[in-house]
Amino acid sequence: MSAQPDTARLFLALWPIEPVRDQLRAWRDAWTWPRGATPVHTDKLHVTLHFLGNQPTARLPDFLDGFRVPFEPFDLQFGRAALQRSGIAWIEPLSEPQGLLDLHARLSDALMALGLTPEARAYRPHVTMARRANGAVIPAAGPAIDWAITHYALVASHAGTYTVLREYR
């Protein structure tokens, strides 16, 4: 579903720097994808913190300021590949550091303060590698990706393009 002209499709994400993005691309390219799979384009690889869906563009100024929360940098290490029954292929962190859980919780509070409802399902951090990937061959464990998390971002999705609206450090 595409955004209406007066709305923006938004999400909060951990947005990788180029060296990390290159390592994520290498993991994605190590899979053997079945016909019909749609690997995620390199410039779209990220970890979603919260999906906001279509929101009124008139609220963007509130969101830009409202999603600034206390944040301590932390390290994530990715290295476990998985293929979900739904056909989503992803890699996930080897552990979930307290800094990640704290950031997710603070952003949940910020969502509620802005009158939005966080998703009810349990948070499961991951980087989506491909969709419609049932039958993909998961690569043997490659080198772990060490990702120093120094910022997160508010991102808009429109017509297949992601635009970082603001980075929070």
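Oh and the sequence shown: position 104 is 670 in the numbering used here, straight run, nothing missing.
Even glycine gets a Cβ: it sits at the ideal position worked out from N, Cα and C.
Could you tell me whether the Cβ atoms of L611 and L673 are closer together than 8 Å?
For the purposes of this step, residue 611 is identified with residue 45 of the sequence shown, where counting begins at 1. For the purposes of this step, residue 673 is identified with residue 107 of the sequence shown, where counting begins at 1. Result no, Cβ atoms of L611 and L673 do not sit closer than 8 Å.
Name, in chain order, the residues that DSSP records as bridge partners for S723.
Residue mapping note: residue 723 aligns to position 157 of the sequence shown, counting from 1. Note: S723 sits in a beta bridge opposite R575, Y728.
So who's on the other strand from F617, going by DSSP bridges?
As a first step, residue 617 is located in the sequence shown; it is residue number 51 there, counting from the start. Answer is F577, bridged to F617.
At the level of alpha carbons, what is the spacing between S723 and R575?
Mapped onto the sequence shown, residue 723 falls at position 157. Mapped onto the sequence shown, residue 575 falls at position 9. In a straight line, the C-alpha of S723 is about 5 Å away from that of R575.
Going by DSSP, what residue range makes up the alpha helix (DSSP H) through Q589?
The count along the sequence shown starts at 1 and reaches residue 589 at position 23. From DSSP, the alpha helix (DSSP H) with Q589 extends over 584–596.
Any idea which residues DSSP pairs A714 with across the strands?
Numbered from 1 along the sequence shown, position 148 holds the residue referred to as residue 714. According to DSSP, A714 bridges with D641.
Tell me, please, whether the segment 597–607 touches the segment 622–634 by the rule of three or more beta-carbon pairs shorter than 8 Å.
Judged by Cβ distances under 8 Å, the segment 597–607 makes no contact with the segment 622–634, as fewer than three pairs qualify.
For P600 versus A699, is the C-beta spacing smaller than 8 Å?
Start at 1 with the first residue of the sequence shown, and residue 600 comes out as number 34. Start at 1 with the first residue of the sequence shown, and residue 699 comes out as number 133. Taking 8 Å as the Cβ cut-off, P600 and A699 qualify as a contacting pair.
Check for me: the beta strand (DSSP E) holding R697 runs from which residue to which?
Start at 1 with the first residue of the sequence shown, and residue 697 comes out as number 131. Segment 693–697, the beta strand (DSSP E) holding R697.
Counting pairs of Cβ atoms below 8 Å between the segment 644–651 and the segment 675–685, do you hit three or more?
Because the criterion of three Cβ pairs below 8 Å is not met, the segment 644–651 and the segment 675–685 do not touch.
Does DSSP put P627 in a helix, in a strand, or in coil?
On the sequence shown, residue 627 is found 61 positions in, with the first residue counted as 1. Residue state, collapsed to three classes: helix.
If we ignore side chains and look at the alpha-carbon of each, how far apart do A702 and A710 end up?
Residue mapping note: residue 702 aligns to position 136 of the sequence shown, counting from 1. Residue mapping note: residue 710 aligns to position 144 of the sequence shown, counting from 1. Cα to Cα, A702 sits roughly 20 Å from A710.
Between which two residues does the alpha helix (DSSP H) harbouring A676 extend?
The residue given as residue 676 occupies position 110 in the sequence shown. First-last of the alpha helix (DSSP H) with A676: 664–679.
Exposed or buried, which one is R594 when buried takes at least 16 other CB atoms within 10 Å?
To locate residue 594, count along the sequence shown from 1; it is residue 28. So R594 ends up on the buried side.
Counting C-beta neighbours from all protein chains within 10 Å, is the total for L660 16 or more, i.e. buried, or is it exposed?
In the sequence shown, the residue the question calls residue 660 occupies position 94. So L660 counts as exposed.
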